[in-house]
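Undergrad: All you need for this note's numbering is the position in the sequence shown, starting with 1, plus 1025.
My questions all concern the structure below.
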Amino acid sequence: FNAMGRTKREEVPAYAGTGYFYRDISDRERNLKFLEEQIAKALDLKFKGIKIKIGGSIKMDIERIKLASELIQGKVPLMVDANQAYSRAQALQMARFLRDQDVFFFEEPVVYNDLKTLRDIEELGVRVAVGESVSSLASFINYIEVGNVSVIEPDITKVGGIKQFLKIAMIADVHGRLFIPHNWSTHIATTATLSAVLVLPSLLAPLIEIDTAPNCLNEVFEGGYKLENGVLKIIRGRGLKISYDEVKLRR
């Protein structure tokens, strides 16, 4: 922490990266049931936001969003992530639907460098969130100045470490954008992300993502942080305070 600056807080709310598609995307009933199960689990763990996957057909995705909204009932923010799956026409169609929904942001609606479509979605009144697919400062500046996006999502494992990560946060702050890091949640990535975000003001960086998909690395590493009632708390000490199980690692 001394290397990054004085911490502004002791904990950061986490949102659940969840709502994945069932492996057979054509099975409508099983997909909706699987979505319902994932959202119920996220609510039970008291996450402070829930992000679900979209990017199938528009009809299917609208059904998923409506179901998620019914289940969440406004208790926490709902976010959607298309993982760059839509064409420009599909993304704009979805944005027109989302502007009348209580959805906090629309993540990666189109291919990461389609700045015109990102800007057009923002002009429809829908917040766009991007950043996990790029690594340079110039890319984030383009997202803000050309794409006019509302939410910047760098991944600390891709942008060159904590120093660059914090530079991107300052760029977002200067331009009045939200800074909500992407986080593929191994213990190492989550602990590093949390350590950096703790030195930022809560109005700039209100949430950190916790990906809830099964991840074999999370069976190997432990420590670094605690997740309690949907809130991340750092385990203080020298370094990241992470340990690992050597036997599991060798497997």
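Here a beta-carbon is modelled for each residue, glycine too, at the ideal position from N, C-alpha and C.
1. Can you list, in chain order, the residues of its chain whose CB lies under 8 Å from that of TYR1137, leaving out five sequence neighbours each side?
2. Helix, strand or coil for TYR1111? Go by DSSP, reduced to three states.
3. Would you kindly check if the distance between the Cβ of GLU1088 and the Cβ of ASP1106 is under 7 Å?
4. Would you give the residue range spanned by the beta strand (DSSP E) that ASP1236 belongs to?
5. Sort ARG1275, ASN1243, ASP1139 and ILE1075 by Cα distance to ASP1127 and report the nearest one.
6. Pairs of beta-carbons, one from the region 1050-1061 and one from the region 1240-1254, closer than 8 Å: are there three or more?
7. Which whole-angstrom value is the C-beta distance of VAL1101 and LYS1141, which I expect to be below 8 Å?
8. What is the residue span of the alpha helix (DSSP H) that ASP1069 lies within?
9. Going by C-alpha distance, which of LEU1092, LEU1162, LEU1203 and THR1218 is nearest TRP1209?
10. Quick check on DSSP: helix, strand or coil for LYS1100?
11. Give the straight-line distance between the Cα atoms of ALA1287 and ARG1152, rounded to the nearest whole angstrom.
12. When you compare only the Cα positions, how much space is there between MET1119 and GLU1178?
13. Mind checking LYS1078: buried by the 16 CB within 10 Å criterion, or exposed?
14. Given that a residue counts as buried once 16 or more other Cβ atoms are within 10 Å of its Cβ, and exposed if not, what is GLY1150?
15. Who pairs with SER1268 in a beta bridge, going by DSSP?
16. Considering Cα atoms alone, identify which of LEU1068, TYR1045 and GLY1201 is closest to LEU1057.
TA: Walking through what the data contain:
1. Sequence-distant partners of TYR1137 (beyond 5 residues in either direction) whose C-beta falls short of 8 Å from its own C-beta, in its chain, are GLN1109, VAL1155, SER1158 and VAL1159.
2. Three-state DSSP puts TYR1111 in coil, outside helix and strand.
3. No, Cβ-Cβ distance for ASP1106 and GLU1088 is not below 7 Å.
4. Element bounds for ASP1236: 1233-1236.
5. Measuring C-alpha to C-alpha distances from ASP1127 to each of ARG1275, ASN1243, ASP1139 and ILE1075 identifies ILE1075 as the nearest.
6. Contact fails: fewer than three Cβ-Cβ distances are below 8 Å.
7. No, VAL1101 and LYS1141 are not in contact; Cβ-Cβ is about 32 Å, not under 8 Å.
8. Unbroken alpha helix (DSSP H) run through ASP1069: 1053-1069.
9. Taking only the C-alpha atoms, the option nearest TRP1209 is THR1218.
10. Correct three-state label for LYS1100: coil.
11. Nothing can be reported for residue 1287, as the shown portion of the chain is limited to 1026 through 1276.
12. C-alpha separation (whole angstroms): 21 Å.
13. It counts as buried.
14. Taking all protein chains in view, the Cβ of GLY1150 is surrounded by fewer than 16 other Cβ atoms within 10 Å, so the residue is classified as exposed.
15. Note: SER1268 sits in a beta bridge opposite GLU1247.
16. When only C-alpha atoms are compared, the closest one is TYR1045.
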